[in-house]
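Asker: Once you've had a glance at the structure underneath, I'll fire off some questions.
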């Protein structure tokens, strides 16, 4: 039964190509480390947060679909599981951030931090390298454990068809999701918000949760569309599955806009110097142009297009929109992080482009490798039979 | 069920079991050579099923047979049914979209008019047209108006409220709110021919086939 849903040979070819791209661009990126050490780590951080976001967002959606059930979750479950098995890779890739922390985080500069008592206390109690590294280790331990358990039970379910595993995965997903939101909130404060130790926003963590879930969903839709155009997934996936994924993407786009705007509105209305200092450089000059681009192409354009039911049912159109959203996710992340390093004026380095491609090559290679390891459908899930029945029903209503 | 073919034309009831039906005027019995049924007095022919998958399968076959003026009735929503009876497109999404646009524009312009023309107030030195502050209310009025458009648009497209509907003339139809499932081919279907429709419906193996009067 499992051989019926083994990945098409193209996945193996893509794995090779991604690996080659990863190696070539990593060599190129390594040259940058000698040319401009600070820029190297700045670019590294943005690329890292982007790809880690996809791995962790996949974990979030995996937890979510175990709780809600539904055919949309069943058809992308193996894609999400493969993505969560890349989290250990991202844990290893966190090491350069600790090594380059002095280039990235202002709180590592003691003379700067001792200027005001508040900052001095923050640095002493919370934002210091040993505690920062220890917290990161804890986050990764929690994420890897959650991903490991869900992957293991899913495999057991494939092997034994035992209903116990279905229940166990669901029972783990509820606390897992709570824990996920908490850990991502802390991680986003540590890894991104602490770039500006004076500034804080309480919705920042949720903004990262939804942004990462959105980028993971966009990648899952792209992978899904790639697999559905080939055997064996073309036998089971129907336009209404893409419609459900499209609906979810619309909801995520709206939720992202809601969180991002909520943060802006409160800061704009309060108009306090210590709060607006985060937005001022980001809304001026070149950064301001990017901000408008993010509003238009991260929210308005996808929002309007995703209202259309026929677009959501068309995998080829939906995958183009998913690609746009992935690109805009990266640009939004760049807009959130990079102005901390060059607040005076817009600045983009060639390394900002090379770094995400280098890391993405390795990430995608590992993702494809993990995807090939298991059957693409959890055929022993209790929901599988109704999915199969639906796929075999006369399709006269599909158009 | 075996004997149902042996009892053609027993008034408005063509069913298998001897469920007694009364209080509705009898239709003219079919007479040879060509039975004349006063089609104008009929709303359609109804088939009764006792499980949803049977209804969906029957609806699919009915649609495939070319009938278009068909409708299914069930105690609860059946997702496959609307596809099976060929009900693809509704104008409701468009109505909701228009409702949302009117609500959004209306909400924003109301605030703009109030804060800029009608009663301009200097709040903390902010411009009168403080559009970021208008967004939450614009969002709310968009949702409110779209929701109203959805509810009232749905009612209007379904021609509700409808104090009278012919299907309630069918004696067993009260079970449609409990545990029975019904399929009706309406008399205004282009392919409608009473005897053929009755024969066709029997071929779907329902519990019962009944005429529905207007």
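Chains as they are written, first to last, in the numbering used here: chain Y, 1 to 399; chain R, 400 to 613.
A virtual CB, placed ideally from N, CA and C, is assigned to each residue, including glycine.
Do residue 32 of chain Y and residue 40 of chain Y have their CB atoms nearer than 7 Å?
Answerer: Contact flag set, yes.
Asker: Could you have a look at residue 283 of chain Y and say whether DSSP puts it in helix, strand or coil?
Answerer: Correct three-state label for residue 283 of chain Y: coil.
Asker: Determine which residues share a DSSP beta bridge with residue 446 of chain R and list them.
Answerer: Note: residue 446 of chain R sits in a beta bridge opposite R:582 and R:608.
Asker: Output yes if chain Y places a C-beta closer than 7 Å to the C-beta of residue 476 of chain R; else output no.
Answerer: Chain Y, which has no Cβ nearer than 7 Å to the Cβ of residue 476 of chain R, makes this no.
Asker: Pull up the DSSP beta-bridge partners for residue 536 of chain R, would you.
Answerer: In DSSP, residue 536 of chain R forms no bridge with anything.
Asker: When you compare the CB positions of residue 61 of chain Y and residue 216 of chain Y, do they come within less than 7 Å of one another, or not?
Answerer: For residue 61 of chain Y and residue 216 of chain Y, yes; Cβs fall inside 7 Å.
Asker: Distance, Cα to Cα, residue 103 of chain Y vs residue 45 of chain Y?
Answerer: Spanning the two alpha carbons is a distance of roughly 11 Å.
Asker: Please confirm if residue 250 of chain Y has its CB atom under 7 Å from at least one CB of chain R.
Answerer: No, no contact with chain R.
Asker: For residue 503 of chain R, return the contacting residues in chain Y, with the cut-off set at a CB-CB distance below 8 Å.
Answerer: Those within 8 Å of residue 503 of chain R in chain Y number zero; the least Cβ separation is about 12 Å.
Asker: Decide if residue 454 of chain R is buried, meaning its Cβ has at least 16 other Cβ atoms within 10 Å, or exposed.
Answerer: That one is buried.
Asker: For a contact meaning CB atoms closer than 9 Å, what does residue 532 of chain R contact in chain A?
Answerer: The displayed structure is made up of protein chains Y and R, and chain A is not among them.
Asker: Between the segment 497 to 523 of chain R and chain Y, which residues of the former have CB atoms less than 9 Å from a CB of the latter, in chain order?
Answerer: Correct list: 523.
Asker: Out of R:486, R:513, R:466 and R:537, which one is the CA nearest neighbour of residue 506 of chain R?
Answerer: The residue with the shortest Cα to Cα distance from residue 506 of chain R is R:537.
Asker: Measuring only the C-alpha atoms, how far is residue 14 of chain Y from residue 365 of chain Y?
Answerer: So the two alpha carbons sit approximately 7 Å from each other.
Asker: Helix, strand or coil: how does DSSP classify residue 471 of chain R here?
Answerer: Residue 471 of chain R falls in the strand class under three-state DSSP.
Asker: For residue 421 of chain R, which three-state DSSP category applies?
Answerer: Legend: pLDDT at residue 421 of chain R = 42, less than 50; position of this residue unreliable, no value from coordinates given.
Asker: Note down, in chain order, every chain R residue with its Cβ under 7 Å from the Cβ of residue 261 of chain Y.
Answerer: Within 7 Å Cβ-Cβ: 534.
Asker: With a threshold of 16 other CB atoms inside 10 Å of the CB of residue 367 of chain Y, please say whether the residue is buried or exposed.
Answerer: Under this definition residue 367 of chain Y is a buried residue.
Asker: Would you mind stating whether residue 222 of chain Y and residue 319 of chain Y have Cβ atoms separated by less than 7 Å?
Answerer: In contact: residue 222 of chain Y and residue 319 of chain Y (Cβ atoms closer than 7 Å).
Asker: How is residue 390 of chain Y classed by DSSP in three states: helix, strand or coil?
Answerer: The answer is helix: DSSP assigns residue 390 of chain Y an H, G or I state.
Asker: Compute the Euclidean distance between the alpha carbons of residue 608 of chain R and residue 447 of chain R, then round it to the nearest angstrom.
Answerer: Each residue's Cα considered, the two are about 6 Å apart.
Asker: Look up residue 590 of chain R in the DSSP assignment and say whether it is helix, strand or coil.
Answerer: Reduced to three states, the DSSP call for residue 590 of chain R is coil.
Asker: Can you find the residues in the same chain that come closer than 8 Å, C-beta to C-beta, to residue 450 of chain R, ignoring five residues on each side of it along the sequence?
Answerer: Result list for residue 450 of chain R: 580, in chain order.
Asker: Could you tell me if residue 312 of chain Y is buried or exposed, where buried requires 16 or more neighbouring beta carbons within 10 angstroms of its beta carbon?
Answerer: Buried.
Asker: For residue 294 of chain Y, which of Y:265, Y:317 and Y:324 has the nearest alpha-carbon?
Answerer: Comparing Cα positions, the closest option is Y:324.
Asker: Identify every residue that forms a DSSP beta bridge with residue 441 of chain R.
Answerer: Paired residue(s): R:612.
Asker: Please state whether DSSP places residue 116 of chain Y in a helix, a strand or coil.
Answerer: Three-state result, residue 116 of chain Y: coil.
Asker: What is the DSSP secondary structure of residue 193 of chain Y, reduced to helix, strand or coil?
Answerer: Here residue 193 of chain Y sits in helix by DSSP.
Asker: What's the C-alpha gap between residue 157 of chain Y and residue 139 of chain Y?
Answerer: The straight-line gap from Cα to Cα measures roughly 27 Å.
Asker: What ranges does the beta strand (DSSP E) occupy inside the segment 205 to 231 of chain Y, keeping only unbroken runs of at least 3 residues that lie completely in it?
Answerer: Correct list: empty.
Asker: Closer than 8 Å by C-beta to residue 279 of chain Y: which residues in its own chain qualify, once you throw out the five before and the five after it? Chain order, please.
Answerer: These residues qualify, in order along the chain: 264, 267 and 268.
Asker: Hey, quick one: how far does the alpha helix (DSSP H) through residue 334 of chain Y stretch, first residue to last?
Answerer: That run of the alpha helix (DSSP H) goes 315 to 337.
Asker: Nearest to residue 527 of chain R by CA position, among R:535, R:514, R:533 and R:539, is which residue?
Answerer: Ranking the options by Cα distance to residue 527 of chain R, first place goes to R:514.
Asker: Can you give me the Cβ contacts of residue 449 of chain Y inside the same chain, cut-off strictly under 6 Å, excluding the 5 residues immediately before and after it?
Answerer: For residue 449 of chain Y there is no data in the structure shown, the boundaries of chain Y being 1 and 399.
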